[in-house]
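Visitor: Here the protein sequences come in this chain order: A and B. Using our numbering, the first residue of the first sequence is number 90, and each one after it goes up by one. Using our numbering, the first residue of the second sequence is number 90, and each one after it goes up by one. Glycine included, C-beta positions come from ideal geometry on N, C-alpha and C. Provided herewith is a single structure, encoded as C-alpha cells, for subsequent inquiry.
Protein chains: 2
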Amino acid sequence: MTYTIKQAAEKMNVTAHTLRYYDKEGLLPFVSRDKSGNRVFTEGDLEWLGLISCLKHTGMPIKQIGTYIQWCAAGESSIGARRQMLIEHREAILRQLEELNHNLEAINRKIQYYNKLVGVKAVDEAVDPQPVAAE
Amino acid sequence: MTYTIKQAAEKMNVTAHTLRYYDKEGLLPFVSRDKSGNRVFTEGDLEWLGLISCLKHTGMPIKQIGTYIQWCAAGESSIGARRQMLIEHREAILRQLEELNHNLEAINRKIQYYNKLVGVKAVDEAVDPQPVAAE
DNA sequence: CCTTGACTTAGAGTCAACTCTAAGGTTTAG
DNA sequence: CTAAACCTTAGAGTTGACTCTAAGTCAAGG
C-alpha cells in the first residue's frame with residue numbers, strides 16, 4: 090500500500106507543504122514519483138519520516154538531518170560518521186533532559202509556593218517549597 | 090553589589106543585545122537605571138533573570154513570559170492566574186520529557202544497530218537493539 | 001466537455017527570537 | 001583633551017522553519 094503526500098503528511102502530523110519543504114531541503118531522497126510526477130510514499134518511506142520526526146523533535150536542525158539522510162543514501166562507507174553523529178546527538182538529548190528536569194523542579198517549587206499563598210491542600214507531588222525568584 | 094548589562098548578560102549566558110531585546114518585550118520591568126540612563130542589575134534582578142531563563146529553556150514563548158512578568162508586577166490579585174499558567178506549563182514540560190525519553194530510546198536502538206555493524210563491544214548502556222527505520 | 005480536487009513548481013511571505021548597525025552619550029586612563 | 005570602553009536608542013537584517021500563493025498539470029465524476 091502507498092500514500093499520497095496528503096496521506097503521508099496526516100500520518101506524520103505535519104502538512105503537505107512541510108513535506109515538500111523537507112523534500113526541497115534534501116530530507117526525502119527516498120520518495121519516488123508516479124508517471125505524472127506526484128510523490129508516492131511507501132510504508133518504508135513512512136519509517137524514514139518517523140526517523141526524521143524523531144531527530145527533529147529532539148532538536149536536530151533540518152540541515153543536519155539532511156546531512157544524515159545524505160550519508161544514509163551514500164551507503165555503507167558513511168556508517169562510522171552516522172554512528173558518530175547519533176552518539177553526539179544522544180549527548181545533546183541527555184543534556185536537554187537534565188536541563189528540563191532541573192527546570193521542572195524549579196517550576197514545581199514555584200507552584201508549591203503559589204499553592205501555599207492560595208491555600209490549596211497538597212494537590213500535587215511537592216518538592217521542598219522555595220520560590221525561584223522574588224514575588 | 091550591582092551589575093552592568095554586560096555583566097548580567099555574562100551571568101545569564103546571553104548577550105547584552107538579548108537582554109535589551111527582553112527589556113523591549115517587557116520582560117524586565119524590574120530593572121532600574123542610574124543617573125545617566127544605564128541599566129543597573131541587582132542580585133534580585135538576577136533571580137528574575139533566572140526565572141526567565143527557566144521558562145525560556147522549557148519552551149515558553151517570550152510573549153507568554155512577558156504576560157507572566159506583567160502579572161507579577163500587577164500584584165497579588167494575579168496570583169491565581171500565575172499559578173494556573175505555571176501548572177499548565179508544567180504539563181507541557183512533562184509532555185516534552187515524555188517525548189524526549191521516547192525519542193531517546195529510538196536513537197539508542199539506532200546506535201546499537203550501528204555498533205553491531207561497526208563491531209563495537211557493548212560500550213554504551215543499551216536498550217534492546219532495533220533500528221528505527223530501514224538502513 | 002468541463003468542473004472539482006488532488007497534485008506539481010518556484011518563489012514570496014511570516015513568525016519568533018534574536019543579532020546587528022548607526023549614531024550618539026558618559027566615564028576613566030594617559 | 002582625547003581615545004578607549006562602556007553604555008544608550010531606534011530600527012534594520014538574519015536565521016530557521018515553516019506557510020502560503022500563483023500558475024499550472026492531471027484524473028475522475030456528472
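If you draw a straight line from the alpha carbon of residue 191/B to that of residue 116/B, how long is it in whole angstroms?
Guide: Here residue 191/B refers to the residue found at position 102 when the second sequence is read from its first residue. Here residue 116/B refers to the residue found at position 27 when the second sequence is read from its first residue. Approximately 34 Å between the Cα atoms of the pair.
Visitor: Give me the subset of the stretch 119–151 of chain A whose CB atoms are less than 7 Å from a CB atom of chain B, sorted by chain position.
Guide: Of all residues in the stretch 119–151 of chain A, 133, 136, 137, 139, 140, 143, 146, 147 have a Cβ within less than 7 Å of some Cβ in chain B.
Visitor: Kindly list the residues whose CB is nearer than 7 Å to the CB of residue 137/B, restricted to its own chain and excluding five residues on each side of it in sequence; keep chain order.
Guide: In the second sequence, the residue the question calls residue 137/B occupies position 48. If we look at residue 137/B and ignore the five residues flanking it on each side, its Cβ neighbours are 119.
Visitor: Are the C-beta of residue 199/A and some C-beta of chain B separated by less than 8 Å?
Guide: Position 110 of the first sequence holds residue 199/A. At least one chain B Cβ lies under 8 Å of residue 199/A.
Visitor: Please list, in chain order, all residues of the same chain as residue 218/B whose beta carbon is under 7 Å from its beta carbon, the five residues on each side excluded.
Guide: As a working note, residue 218/B is residue 129 in the second sequence. Caution is warranted here: a pLDDT of 44 is assigned to residue 218/B, below 50, making its placement in the model unreliable, and the coordinate value is therefore given only provisionally. Here the set comprises 198, 201, 202, 205.
Visitor: Grab me the residues of residue 158/B's own chain with a C-beta within less than 6 Å of its C-beta, minus the 5 sequence neighbours each way, in chain order.
Guide: Residue 158/B sits at position 69 when you count from the first residue of the second sequence. For residue 158/B, where only same-chain residues beyond five positions count, the Cβ hits under 6 Å are 116.
Visitor: Below 8 Å, how does it come out for the stretch 135–154 of chain B and the stretch 161–179 of chain A: are there three or more Cβ pairs, yes or no?
Guide: In short, these stretches do not touch, since the Cβ pair count stays below three.
Visitor: Around the C-beta of residue 193/A, are 16 or more other C-beta atoms found within 10 angstroms, so that it is buried, or is it exposed?
Guide: For the purposes of this step, residue 193/A is identified with residue 104 of the first sequence, where counting begins at 1. Classification for residue 193/A: buried.
Visitor: How about residue 148/B and residue 181/B: are their beta carbons less than 8 Å apart?
Guide: Within the second sequence, the letter at position 59 stands for residue 148/B. Within the second sequence, the letter at position 92 stands for residue 181/B. Yes. Within cutoff.
Visitor: Just the chain B side, please: which residues come within less than 9 Å of residue 184/A by C-beta, in chain order?
Guide: Here residue 184/A refers to the residue found at position 95 when the first sequence is read from its first residue. What residue 184/A touches in chain B: nothing, since even the nearest Cβ is about 11 Å away.
Visitor: Does any C-beta atom of chain A lie closer than 8 Å to the C-beta of residue 168/B?
Guide: The residue given as residue 168/B occupies position 79 in the second sequence. Chain A contact via Cβ: present.
Visitor: Using the rule of at least 16 other Cβ atoms within 10 Å of the residue's Cβ for burial, across every protein chain shown, is residue 128/A buried or exposed?
Guide: Working through the first sequence from its first residue, we reach residue 128/A at position 39. The residue is buried, with at least 16 neighbouring Cβ atoms inside 10 Å.
Visitor: Please list the terminal residues of the continuous alpha helix (DSSP H) segment that includes residue 114/B.
Guide: Reading the second sequence from its first residue, position 25 is the one you call residue 114/B. Per DSSP, residue 114/B belongs to no alpha helix (DSSP H) and is neither H nor E.
Visitor: Once the 5 residues before and after residue 97/B are set aside, which same chain residues still bring their CB inside 6 Å of it?
Guide: Looking up residue 97/B in the second sequence gives position 8. Excluding positions up to five away in sequence, the list reads 130.
Visitor: Suppose the cutoff is 8 Å on Cβ atoms and the five residues either side in sequence are ignored; what does the same chain contact list for residue 100/A look like?
Guide: Residue 100/A sits at position 11 when you count from the first residue of the first sequence. Once the five neighbours on either side are set aside, the close Cβ partners of residue 100/A are 92, 135, 138.
Visitor: CA-CA distance, residue 152/A and residue 145/A?
Guide: For this step, residue 152/A is matched to residue 63 along the first sequence. For this step, residue 145/A is matched to residue 56 along the first sequence. Looking at the two C-alpha atoms, the distance is approximately 10 Å.
Visitor: Alpha carbons only, please: which of 133/A, 126/A, 141/A is nearest the one belonging to residue 102/A?
Guide: Against the first sequence, residue 102/A aligns to sequence position 13. Considering only alpha carbons, the answer is 141/A.
Visitor: Report back the beta-carbon spacing between residue 195/A and residue 143/B to the nearest angstrom; my notes put them in contact at under 8 Å.
Guide: In the first sequence, residue 195/A corresponds to position 106, counting from 1. In the second sequence, residue 143/B corresponds to position 54, counting from 1. Correct: roughly 5 Å between the Cβ atoms.
Visitor: Rounded to whole angstroms, what's the CA-CA distance from residue 241/A to residue 163/A? Just pull it up for me.
Guide: Any property of residue 241/A remains undetermined from this structure, which presents chain A solely from 90 to 224.
Visitor: Which term fits residue 90/B, buried or exposed, when burial requires 16 or more other beta carbons within 10 angstroms of its beta carbon?
Guide: As a first step, residue 90/B is located in the second sequence; it is residue number 1 there, counting from the start. Under this definition residue 90/B is an exposed residue.
Visitor: Report the three-state DSSP secondary structure of residue 205/B (helix, strand or coil).
Guide: Within the second sequence, the letter at position 116 stands for residue 205/B. Reduced to three states, the DSSP call for residue 205/B is helix.
Visitor: Residues of chain B with CB under 8 Å from residue 178/A, in chain order?
Guide: By one-based count along the first sequence, residue 178/A stands at place 89. Going along chain B in sequence order, the residues near residue 178/A (Cβ under 8 Å) are 196.
Visitor: Under 8 Å between C-beta atoms, does residue 109/B make it to chain A?
Guide: Mapped onto the second sequence, residue 109/B falls at position 20. Judged by the 8 Å Cβ criterion, residue 109/B is not in contact with chain A.
Visitor: Any idea which residues DSSP pairs residue 130/A with across the strands?
Guide: Mapped onto the first sequence, residue 130/A falls at position 41. 92/A.
Visitor: Does the distance from the C-beta atom of residue 186/B to that of residue 183/A stay below 8 Å?
Guide: For the purposes of this step, residue 186/B is taken as residue 97 along the second sequence, with counting starting at 1. For the purposes of this step, residue 183/A is taken as residue 94 along the first sequence, with counting starting at 1. Going by C-beta atoms, residue 186/B is not nearer than 8 Å to residue 183/A.
Visitor: What residues match up with residue 121/B in a beta bridge as DSSP calls it?
Guide: Residue numbering aside, residue 121/B sits at position 32 when the second sequence is read from its first letter. Its beta-bridge partners are 129/B.
Visitor: Which whole-angstrom value is the C-beta distance of residue 95/B and residue 105/B, which I expect to be below 8 Å?
Guide: Numbered from 1 along the second sequence, position 6 holds the residue referred to as residue 95/B. Numbered from 1 along the second sequence, position 16 holds the residue referred to as residue 105/B. Yes, they are in contact, since the Cβ atoms of residue 95/B and residue 105/B sit about 5 Å apart, within 8 Å.
Visitor: So residue 209/A and residue 168/B are supposed to be a Cβ contact under 8 Å. How far apart are they, rounded?
Guide: As a working mapping, residue 209/A is identified with position 120 in the first sequence. As a working mapping, residue 168/B is identified with position 79 in the second sequence. With a Cβ gap of about 11 Å, residue 209/A and residue 168/B do not count as contacting.
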